[in-house]
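Using the working numbering, the letters of the sequence shown map in sequence onto residues 146 to 601. Heads up, the beta-carbon is just placed ideally off N, CA and C, and yes, glycines get one too. As the structure is a computational prediction, the values presented were derived from the model and not from experiment.
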Amino acid sequence: MNTHKAHCLILPFPGQGHINPMLQFSKRLQSKRVKITIATTKHFLKTMQELSTSVSIEAISDGYDDGGFHQAENFVAYITRFKEVGSDTLSQLIKKLANSDCPVNCIVYDPFLPWAVEVAKQFGLFSAAFFTQNCVVDNLYYHVHKGVIKLPPTQNDEEILIPGFQSSIDASDAPSFVISPEAERIVEMLANQFSNLDKVDCVLINSFYELEKEVTDWMSKIYPIKTIGPTIPSMYLDKRLHDDKEYGLSVFKPMTNECLNWLNHQPINSVVYVSFGSITKLGDEQMEELAWGLKNSNKSFLWVVRSNEESKLPNNFIEELKVEKGLVVSWCPQLQVLEHESIGCFLTHCGWNSTLEAISLGVPMVAMPQWSDQPMNAKLVKDVWEVGVRAKQDEKGIVRREVIEECIKLVMEEDKGKLIRENAKKWKEIARNVVGEGGSSDKNIEEFVSKLVTIS
Ligand code: UDX
146 MNTHKAHCLI LPFPGQGHIN PMLQFSKRLQ SKRVKITIAT TKHFLKTMQE LSTSVSIEAI
206 SDGYDDGGFH QAENFVAYIT RFKEVGSDTL SQLIKKLANS DCPVNCIVYD PFLPWAVEVA
266 KQFGLFSAAF FTQNCVVDNL YYHVHKGVIK LPPTQNDEEI LIPGFQSSID ASDAPSFVIS
326 PEAERIVEML ANQFSNLDKV DCVLINSFYE LEKEVTDWMS KIYPIKTIGP TIPSMYLDKR
386 LHDDKEYGLS VFKPMTNECL NWLNHQPINS VVYVSFGSIT KLGDEQMEEL AWGLKNSNKS
446 FLWVVRSNEE SKLPNNFIEE LKVEKGLVVS WCPQLQVLEH ESIGCFLTHC GWNSTLEAIS
506 LGVPMVAMPQ WSDQPMNAKL VKDVWEVGVR AKQDEKGIVR REVIEECIKL VMEEDKGKLI
566 RENAKKWKEI ARNVVGEGGS SDKNIEEFVS KLVTIS
């Protein structure tokens with residue numbers, strides 16, 4: 146007998162930073178008796194190392210089944226072909242699932258793939274856009290889409306006013322695409338996220354209300370916004386989901402035992418955790434400065450250097466320092482690491498998932514943003530939520546070793562960093578409450594499910 150209240154087809158953009166939050170959201174829906182099917186590309190499915198999840202997964206095609214994005218000539222070509230082939234294969238999947246005991250009645254899609262709305266309409270399905278980035282960043286792209294924010298600013302130090310956000314920002318804080326004239330087509334794609342948003346039934350944002358009250362209220366006047374984050378497995382927050390032991394779908398294989406065994410031998414709050422996420426690449430010079438900054442800080446460190454970045458480490462770096470003070474791994478179970486009592490700070494690129502994970506697990510940050518939304522997230526971390534410092538780049542765009550050393554010490558041990566450490570603890574508590582029963586995100590998810598039930 147079918148005991149499900151509704152069936153959601155979840156369509157993430159095929160990237161680690163996109164699939165993670167949508168999977169965690171799916172698990173929350175599933176716990177409220179919504180059937181979930183995640184639709185991802187054949188190639189992405191093939192690259193997954195960790196495929197441990199309780200939700201069902203089906204393959205569609207982006208038109209590049211052998212190499213995915215890397216097979217395409219460029220990003221725009223990829224997005225264009227994905228629209229053609231993706232629309233078609235997604236429709237076939239919906240038809241296939243129509244024969245099951247619980248046909249699909251809703252599509253939750255990543256707005257990088259706005260064509261999913263047309264597919265939903267064609268089948269008369271409820272549709273919800275799922276923004277994986279925060280509300281301030283989404284709001285900024287919205288104003289680019291509306292032509293209110295004109296691009297690129299004439300000078301790098303020009304201030305940008307984002308309606309709905311409390312203060313103006315420097316152009317250097319804006320997402321990198323916004324200030325780089327070469328990225329015109331990417332900005333077009335990001336602005337396109339809003340091109341048919343007036344047709345969707347709901348807009349879900351991977352953030353939580355308490356974190357971005359003002360801007361969420363402002364955007365709620367335009368779109369039916371629901372903040373549903375932090376999208377972190379229940380085991381780290383409210384612990385309400387019983388089938389939530391696993392982390393999920395990973396393109397990289399985490400060196401779990403090695404990391405955790407090592408951390409278990411480190412004193413409380415003593416370790417700097419360093420990671421730049423799944424895509425960001427550092428230049429050779431930056432890598433060397435970072436290595437020396439870590440060494441000179443005299444702190445223990447756990448540094449994730451993906452295998453395609455390893456050759457940039459200074460000669461003998463691992464041999465000289467590994468035993469003494471640090472551990473370098475190619476990928477780690479980040480949430481388990483952030484939760485570990487030995488971690489004293491997170492030196493991060495400020496990808497939105499990493500930022501939200503650190504906030505939710507109470508880890509203060511040293512922000513070293515590189516591109517995309519990361520500079521904006523770093524600004525929020527430093528100036529709005531005050532849970533970290535930002536390591537300043539020099540005129541060549543490099544963060545020097547002295548700056549790295551200074552930032553780490555400030556966040557981890559100095560009096561000047563006390564407020565940051567206290568704020569980090571405060572946000573951890575808030576994050577736990579928002580997903581707990583009756584919290585702002587929990588209520589929003591409940592309302593979303595109620596809507597689905599009404600239409601099914
Ligand atoms: C990308 C963009 O770079 C980012 O700016 C945007 O906000 C989302 O898409 P990515 O660079 O991968 O994402 O960073 P992030 O958003 O932080 O996502 C990385 C994810 O990988 C996190 O969920 C993190 O927990 C996980 N991770 C990272 C691991 O599980 N292990 C690691 O060793 C490193």
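Taking 7 Å as the cut-off, does the CB of residue i come closer than this to any heavy atom belonging to the ligand UDX?
i: Ile331; result: no
i: Ile424; result: yes
i: Asp362; result: no
i: His494; result: yes
i: Asp518; result: yes
i: Gly471; result: no
i: Gly162; result: yes
i: Cys477; result: yes
i: Ile487; result: As written in the sequence, residue 487 is Ser, which differs from the Ile given in the question. Every heavy atom of the ligand UDX is 7 Å or more from the Cβ of Ser487, so no.
i: Leu427; result: no
i: Pro399; result: yes
i: Thr277; result: yes
i: Asn165; result: yes
i: Val449; result: yes
i: Glu502; result: yes
i: Leu382; result: no
i: Leu564; result: no
i: Ser505; result: no
i: Leu480; result: yes
i: Glu337; result: According to the sequence as given, residue 337 is Asn; it is not Glu. It does not: the Cβ of Asn337 is nowhere closer than 7 Å to a heavy atom of the ligand UDX.
i: Ser420; result: yes
In three-state terms, what does DSSP make of residue i?
i: Asp315; result: strand
i: Ala569; result: helix
i: Trp260; result: coil
i: Tyr223; result: helix
i: His188; result: helix
i: Cys490; result: strand
i: Lys596; result: helix
i: Trp516; result: coil
i: Val508; result: coil
i: Arg204; result: The residue asked about is misnamed: residue 204 is Ala in this sequence, not Arg. Residue state, collapsed to three classes: strand.
i: Thr535; result: Checking the sequence shown, residue 535 turns out to be Arg, not Thr. Looking at Arg535 - three-state DSSP - the assignment turns out to be strand.
i: Gly269; result: coil
i: Thr234; result: helix
i: Ser365; result: helix
i: Pro459; result: coil
i: Glu329; result: helix
i: Glu218; result: coil
Note down, in chain order, each residue of its chain lying with its Cβ closer than 7 Å to the Cβ of residue i, except the 5 sequence neighbours on either side.
i: Gly584; result: Asn578
i: Leu270; result: Val249, Asn250, Cys251, Ile252
i: Glu433; result: Pro459
i: Glu218; result: none
i: Val526; result: Cys495, Thr500, Met510, Ala512, Val532, Gly533
i: Asn498; result: Gly162, Asn165, Pro166
i: Ile488; result: Val416, Tyr418, Val482, Val508
i: Asn568; result: Trp530, Glu531, Val532
i: Ser379; result: Arg385, Leu386, Asp389
Which one or two residues does DSSP pair with residue i in a beta bridge?
i: Thr419; result: Looking at the sequence shown, residue 419 is not Thr but Val. Beta-bridge pairing links Val419 to Trp448, Leu492.
i: Ile181; result: Cys153
i: Thr376; result: Paired residues: none, contrary to the question.
i: Tyr254; result: Leu156, Ala274
i: Gly471; result: Phe446
i: Glu403; result: Looking at the DSSP assignment, Glu403 forms no beta bridge with any residue, so it has no partner.
i: Lys371; result: Leu349
i: Ile305; result: Ile314
Sorted by chain position, which residues of the same chain lie with C-beta nearer than 6 Å to residue i's C-beta, five sequence neighbours on each side aside?
i: Ser452; result: Ser475
i: Leu335; result: Tyr286
i: Val417; result: Lys444, Phe446, Cys490, Leu492, Ile553
i: Ile314; result: Ile305
i: Thr376; result: Pro166, Gln169, Phe170, Asn351
i: Ser442; result: Glu550, Ile553
i: Arg535; result: Ala512, Ala523, Lys527
Is the beta carbon of residue i within less than 7 Å of some heavy atom of the ligand NAP?
i: Glu551; result: For the structure depicted, the ligand NAP is absent and the ligand set comprises only the ligand UDX.
Who are the near neighbours of residue i in its chain, counting only those whose CB is closer than 8 Å to its CB and skipping five residues on each side?
i: Ser236; result: Val264, Gln267, Phe268
i: Val281; result: Ile307, Phe310, Glu357, Val360, Met521, Leu525
i: Glu591; result: Lys177
Taking Cβ positions only, does residue i come closer than 8 Å to chain D?
i: Val264; result: Looking at the structure shown, chain D is missing, and only one protein chain is on hand.
**OP:** Could you tell me whether the region 180-187 touches the region 283-292, using the rule of 3 or more Cβ pairs below 8 Å?
**Re:** no
Original post:
Would the region 214-230 and the region 329-336 be scored as touching if the rule is three or more Cβ pairs under 8 Å?
Top reply: yes
Original post:
Is it a yes or a no for the region 538-545 touching the region 424-444, going by three-plus beta-carbon pairs under 8 Å?
Top reply: yes
Subject >> Three CB pairs or more closer than 8 Å across the region 480-487 and the region 404-417 >> reply: yes
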